[in-house]
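Participant:
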Ligand SMILES: NC(=O)c1ccc[n+]([C@@H]2O[C@H](COP(=O)([O-])OP(=O)(O)OC[C@H]3O[C@@H](n4cnc5c(N)ncnc54)[C@H](OP(=O)(O)O)[C@@H]3O)[C@@H](O)[C@H]2O)c1
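Residue numbers (my numbering): -9 to 328.
What follows is the structure, given as structure tokens:
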């Protein structure tokens, strides 16, 4: 059976009407570990625009993007437990598989979870990819205790109002950290504060100036959601001795760890796709999303959706990609329904 999807054949600038196309594809059949999900809402992330970015390659069949979905289970593989047909699920998926901008999508059940019951699909779709990145960065890579054992320690969130930053702020507050977030505009400052940031500094004026302006000499943790290269030396400068830094943005050139040596400070990468790409510890992502769904339903975490552009089609997805490429969005953009 054919289903509707949004895909690409050529990698074109987003103002080209052929950069994303409405297409029909064959409905996929679930493998042993898969859920077949009827997609209700999706979100967009910078990974979509990076994968779509202009290059000479041409696809022979439509390549479907999208790594943030909410939908209902309508089929499952024989090894899947814990999910029933009709369950509403949310997940980010795998970069090695076709994306979720399709009426029916397959996801390994181990990286999915039941969606928060208190959120509409358009609100829940904002969460999975950024939640997993924020959780893994804070609690798995920097080894902060989600239960609050590190209460009062400070974390600097670079890009506090962005998709990832807005989840880092909320999860760090749940872990009882002192959260200092960067924001450079009144809108992004207000958004970061509304999510629980204790203090805001303006990244355009430099991290050291911002930290000293708060009467601090350093911070225990730095979560950089924006540019590993641009902030490398500044992060080494403001992180405390024996502190920890996490980065999530790829670099174009090698970086020296030398600036971190005198402080015995650590740097970790966080790549949300590591678990699904390698098959190692995949269940951890289902468990994180289950814990966060409970926090949402207890009203401890809110959706970071700031906008829903309309139905899932090539036109609205092109508009969403264009907005993301501006670098000026705050929170998350979602799309709902086909
Ligand atoms: N490794 C992973 O698993 C992973 C996962 C998710 C995302 N990522 C990557 O992380 C990056 C951020 O993703 P996102 O979705 O959070 O981005 P986003 O939502 O597009 O971030 C937008 C925000 O970034 C802030 N910003 C822009 N330039 C900045 C700068 N130079 N310094 C500090 N803040 C700046 C802006 O705030 P102001 O207007 O206040 O300046 C804006 O609100 C992307 O490169 C993405 O590909 C990686």
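Glycine included, each C-beta is placed from N, C-alpha and C at the ideal position.
Would you give the residue range spanned by the alpha helix (DSSP H) that residue 312 belongs to?
Facilitator: Walking along the chain shown from the start, residue 312 turns up at place 322. Start and end: 304 to 315.
Participant: Count the other CB atoms within 10 Å of the CB of residue 35; is the residue buried (16 or more) or exposed (fewer)?
Facilitator: Taking the chain shown and counting its residues from 1, one reaches residue 35 at position 45. Label assigned to residue 35: buried.
Participant: Given 8 Å as the limit, is there contact between the region 90 to 103 and the region 183 to 201, that is, 3 or more CB pairs closer than that?
Facilitator: Contact fails: fewer than three Cβ-Cβ distances are below 8 Å.
Participant: Please list the segments of the alpha helix (DSSP H) lying wholly inside the region 26 to 98, counting only runs of 4 or more residues, in order along the chain.
Facilitator: The qualifying runs are 36 to 42.
Participant: Around the C-beta of residue 7, are 16 or more other C-beta atoms found within 10 angstroms, so that it is buried, or is it exposed?
Facilitator: Counting from one through the chain shown, the residue named residue 7 turns up at place 17. By the 10 Å Cβ count, residue 7 comes out exposed.
Participant: Given the structure, does residue 118 come close to ligand 1, in the sense that its CB is under 8 Å from one of the ligand's heavy atoms?
Facilitator: Numbered from its first residue, the chain shown carries residue 118 at position 128. Not under cutoff, so the answer is no.
Participant: Please state whether the Cβ-Cβ distance between residue 103 and residue 279 is less than 9 Å.
Facilitator: Start at 1 with the first residue of the chain shown, and residue 103 comes out as number 113. Start at 1 with the first residue of the chain shown, and residue 279 comes out as number 289. It is a contact, given that the beta carbons lie within the stated cut-off.
Participant: Could you please give me the residues that DSSP links to residue 237 through a beta bridge?
Facilitator: Position 247 of the chain shown, counting from 1, holds the residue named residue 237. Paired residues: 214 and 259.
Participant: Check whether the region 77 to 86 and the region 54 to 62 are in contact - that is, three or more C-beta pairs closer than 8 Å.
Facilitator: Touching, per the Cβ criterion.
Participant: First and last residue of the alpha helix (DSSP H) that includes residue 183?
Facilitator: In the chain shown, counting from the first residue as 1, residue 183 sits at position 193. Start and end: 176 to 184.
Participant: Starting from the Cα of residue 281, find the closest Cα among 269, 105, 240 and 41 and give me that residue.
Facilitator: As a working note, residue 281 is residue 291 in the chain shown. Closest by alpha carbon: 105.
Participant: What are the start and end residues of the alpha helix (DSSP H) that includes residue 153?
Facilitator: In the chain shown, the residue the question calls residue 153 occupies position 163. Counting along the chain, the alpha helix (DSSP H) containing residue 153 begins and ends at 153 to 164.
Participant: Let's test the definition: count the other Cβ atoms within 10 Å of the Cβ of residue -9 and tell me whether it reaches 16, buried, or not, exposed.
Facilitator: Numbered from its first residue, the chain shown carries residue -9 at position 1. So residue -9 ends up on the exposed side.
Participant: Shortest alpha-carbon distance to residue 219 belongs to which of 308, 236 and -4?
Facilitator: In the chain shown, residue 219 corresponds to position 229, counting from 1. Comparing Cα positions, the closest option is 236.
Participant: Which value, in whole angstroms, describes the spacing of the CA atoms of residue 162 and residue 288?
Facilitator: Sequence index remark: in the chain shown, residue 162 carries index 172 (1-based). Sequence index remark: in the chain shown, residue 288 carries index 298 (1-based). C-alpha separation (whole angstroms): 17 Å.
Participant: With a threshold of 16 other CB atoms inside 10 Å of the CB of residue 172, please say whether the residue is buried or exposed.
Facilitator: Position 182 of the chain shown, counted from the start, is the residue given in the question as residue 172. Buried.
Participant: Got a sec? Which residues, its chain only, sit under 8 Å from residue 309 by beta carbon, not counting five neighbours each side?
Facilitator: Within the chain shown, the letter at position 319 stands for residue 309. Within the same chain, residue 309 has close Cβ partners 299.
Participant: Checking the sheet assignment: what are the DSSP bridge partners for residue 295?
Facilitator: By 1-based counting over the chain shown, the position of residue 295 is 305. Partner(s): 322.
Participant: Can you say whether residue 212 is buried or exposed, counting buried as having 16 or more other CB atoms within 10 angstroms of its CB?
Facilitator: As a working mapping, residue 212 is identified with position 222 in the chain shown. Buried, since its Cβ has 16 or more Cβ neighbours within 10 Å.
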